[in-house]
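Student: For reference, the structure I am asking about is given below.
Protein chains: 2
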Amino acid sequence: MVDSIEKLIEEFSRFPGIGKKTAQRMAFFVLKQRDEESEALAQAILEVKSKVRYCSVCFNITEDDPCAICKDVKKDRSTICVVEEVNDVVALEKTNQYRGLYHVLGGVLSPLDGMGPEDLKVKELLSRLKDKQINEVILATNPSAEGEATAIYLSKLIKPLSVKVTRIARGLPAGGDLEYADQTTLANALEGRVEF
Amino acid sequence: MVDSIEKLIEEFSRFPGIGKKTAQRMAFFVLKQRDEESEALAQAILEVKSKVRYCSVCFNITEDDPCAICKDVKKDRSTICVVEEVNDVVALEKTNQYRGLYHVLGGVLSPLDGMGPEDLKVKELLSRLKDKQINEVILATNPSAEGEATAIYLSKLIKPLSVKVTRIARGLPAGGDLEYADQTTLANALEGRVEF
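Protein sequences appear in the order of chains L and D. Taking the numbering used here, I'd label the letters of the first sequence as residues 64 to 259. Taking the numbering used here, I'd label the letters of the second sequence as residues 64 to 259.
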């Protein structure tokens with residue numbers, strides 16, 4: 064096939080969840096786009112890299128440091144929600160439920176992948192907790208083996224600082240079905256039951 | 064969210080088959096890539112647009128005109144396979160079954176979308192058939208309503224030129240199952256039955 068198309072297909076195939084077929088469809092789509100459109104795409108890619116940095120407080124992504132959430136005076140500054148990745152902040156903000164601050168770890172503890180505490184923003188989290196305003200840390204790492212281990216690790220570090228530490232609830236997802244829930248989910252749902 | 068990330072998510076969402084969630088995952092992937100990697104991607108997008116053109120003979124995509132297939136002396140120059148889109152050429156070449164030339168229509172007849180014969184490379188196909196070397200035209204448009212209509216339309220135009228016109232076989236796909244085949248597929252499979 065044509066070299067430059069091959070190259071573009073290869074580039075698109077690198078993306079997570081994008082297979083060879085989808086990458087091919089995408090490359091042909093670029094070919095069919097108007098010149099201005101594909102230039103806008105190329106430009107958007109380069110701008111993300113040049114403009115976006117990490118917030119020096121919470122390590123969320125931002126164009127200005129500190130980020131919009133850390134600067135927002137309407138946020139509840141007494142609570143920090145600890146998440147693995149930037150996407151998690153996006154997901155939580157969408158709920159409109161949480162009004163506090165965030166802290167993005169940048170991953171989870173995962174000895175097999177060589178990810179230790181020093182690879183995460185743990186030190187930075189602990190130093191934020193010196194601020195006496197903060198009275199609760201919500202651990203919102205994923206309900207995976209690594210996420211749980213990271214939450215336990217952090218809770219052990221934070222408790223001695225006499226800050227309340229909580230973990231997001233694990234249980235059945237909305238619209239879920241007991242019959243089809245896996246054992247761990249069901250066990251968590253039972254264990255985490257609340258009184259009516 | 065961050066403006067430049069929003070913009071990139073929007074750009075990726077334009078792609079066919081890429082939803083909001085995938086676009087978001089892709090944008091964050093770009094953010095995590097090394098600078099050289101995302102520059103290579105942006106470059107690949109621009110190069111496709113600047114280098115790739117359509118072959119003046121068969122309207123396949125190419126960097127040099129005429130394309131590699133039209134120039135290939137080992138190809139069987141007596142047969143032209145007519146397809147809807149460039150991707151179809153890629154798919155057929157992969158089979159290693161077909162050794163002839165191609166002609167890319169650039170779409171199908173579709174009155175509802177305002178696609179008439181003048182929007183496809185029909186005139187160009189007919190003028191290629193003036194070459195007395197060509198003795199078979201294989202109509203390989205998709206087995207959809209529009210593809211069938213386009214094949215019928217083309218066959219009516221080509222037959223008077225005393226060139227053999229064939230249509231690719233319709234029937235059960237390899238690995239398919241009679242029980243789960245739709246009516247049209249099954250009807251086609253029966254109608255197209257061949258003697259043992």
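Beta carbons: idealized from backbone N, C-alpha and C, even for Gly.
Please name the residue, chosen from L:G163, L:K112, L:L71, L:D176, that lies closest to V146 (chain L) on a Cα-to-Cα basis.
Tutor: The candidate whose alpha carbon is nearest that of V146 (chain L) is L:G163.
Student: Looking at the structure shown, is E126 (chain D) part of a helix, part of a strand, or coil, going by DSSP?
Tutor: In the structure shown, E126 (chain D) sits in coil (DSSP, three-state: anything other than H, G, I, E or B).
Student: Once DSSP output is grouped into helix, strand and coil, what is the label at K197 (chain L)?
Tutor: Strictly speaking, residue 197 (chain L) in this sequence is Ile, with Lys absent from that position. Here I197 (chain L) sits in coil by DSSP.
Student: Put T142 (chain L) into one of helix, strand or coil per three-state DSSP.
Tutor: If DSSP states are grouped into helix, strand and coil, T142 (chain L) belongs with the strands.
Student: Got a sec: is the Cβ-Cβ distance from V167 (chain L) to anything in chain D below 9 angstroms?
Tutor: False, the Cβ-Cβ gap to chain D never drops below 9 angstroms.
Student: Is any beta-carbon of chain D found at less than 9 angstroms from that of F259 (chain L)?
Tutor: False, the Cβ-Cβ gap to chain D never drops below 9 angstroms.
Student: Among L:D98, L:K83, L:V115, which has the Cα closest to the Cα of Q96 (chain D)?
Tutor: Looking at the Cα atoms, L:V115 is the closest of the given residues.
Student: Quick one: what's M178 (chain D) bridged to in DSSP?
Tutor: Bridge partners of M178 (chain D): D:S173.
Student: Looking at the strands, I want to know which residues DSSP matches up with L202 (chain L).
Tutor: According to DSSP, L202 (chain L) bridges with L:V145, L:R230.
Student: Could you tell me how far apart the beta carbons of V149 (chain L) and V167 (chain L) are, in whole angstroms, since I believe they sit closer than 8 angstroms?
Tutor: Right, the Cβ-Cβ distance comes to about 6 angstroms (below 8 angstroms), so this counts as a contact.
Student: With distances taken Cα to Cα, identify the nearest neighbour of Q160 (chain D) among D:P180, D:I231, D:K83, D:L235.
Tutor: Selected option, being the one with the closest Cα: D:I231.
Student: For a contact meaning CB atoms closer than 8 angstroms, what does P236 (chain L) contact in chain D?
Tutor: What P236 (chain L) touches in chain D: nothing, since even the nearest Cβ is about 16 angstroms away.
Student: Touch check for the region 203 to 217 of chain D and the region 173 to 189 of chain D: three-plus C-beta pairs under 8 angstroms?
Tutor: With a cut-off of 8 angstroms, the region 173 to 189 of chain D and the region 203 to 217 of chain D count as touching, because enough Cβ pairs lie within range.
Student: Enumerate in chain order the residues of its own chain whose CB-to-CB distance from A244 (chain D) is below 8 angstroms, with the five nearest sequence positions on each side excluded.
Tutor: Contacts found: L235, A252.
Student: Going along chain L in order, which residues have a C-beta closer than 8 angstroms to the C-beta of I68 (chain D)?
Tutor: Here the neighbours are V111, V115, I124.
Student: Where does L303 (chain L) land, buried or exposed, given buried means 16+ other C-beta within 10 angstroms?
Tutor: Nothing about residue 303 (chain L) can be reported from this structure: the residues present for chain L run from 64 to 259 only.
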